[in-house]
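Colleague:
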Amino acid sequence: DIDRLADEAEAGYGDDQLRSRQRGRPSLGSGPARTVQARLGPELFEALQQRVQAEHSSQSEVVRAALSQYLES
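The sequence shown begins at 66 in this note's numbering and counts up by one.
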């Protein structure tokens, strides 16, 4: 509701509200995340796309989950 948001903005925000917002991507662990690139054949890429759509997820999330499961076995 735009009126409620306008009233809230006009009243001002406290220090707690301003400091509580975190910026950037969520942390994936204790240190900075590393980027890995991989080439996929058409069939594997299509399977990835289907899983992404089925899980309403991102390519990165699906690949991380699959790699974690593979490495734990």
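Built from N, CA and C at the ideal position, the CB exists for glycine as well.
(1) Grouping DSSP H, G and I as helix and E and B as strand, with all else coil, what is Val117?
(2) Could you check the C-alpha separation between Leu113 and Ile67 for me, to the nearest Å?
(3) Closest by CA to Leu93, which one among Leu109, Gln134, Arg129?
(4) Quick one: what's got a C-beta closer than 6 Å to Ala119's C-beta in the same chain, skipping five residues either side?
Modeller: Short version:
(1) The sequence position of residue 117 within the sequence shown is 52, counting from 1. It is helical.
(2) To locate residue 113, count along the sequence shown from 1; it is residue 48. To locate residue 67, count along the sequence shown from 1; it is residue 2. If I take the Cα positions, the gap works out to 40 Å.
(3) Position 28 of the sequence shown, counted from the first residue, corresponds to residue 93. When C-alpha distances from Leu93 are compared across Leu109, Gln134, Arg129, the shortest belongs to Arg129.
(4) In the sequence shown, residue 119 corresponds to position 54, counting from 1. For Ala119, where only same-chain residues beyond five positions count, there are no Cβ hits under 6 Å.
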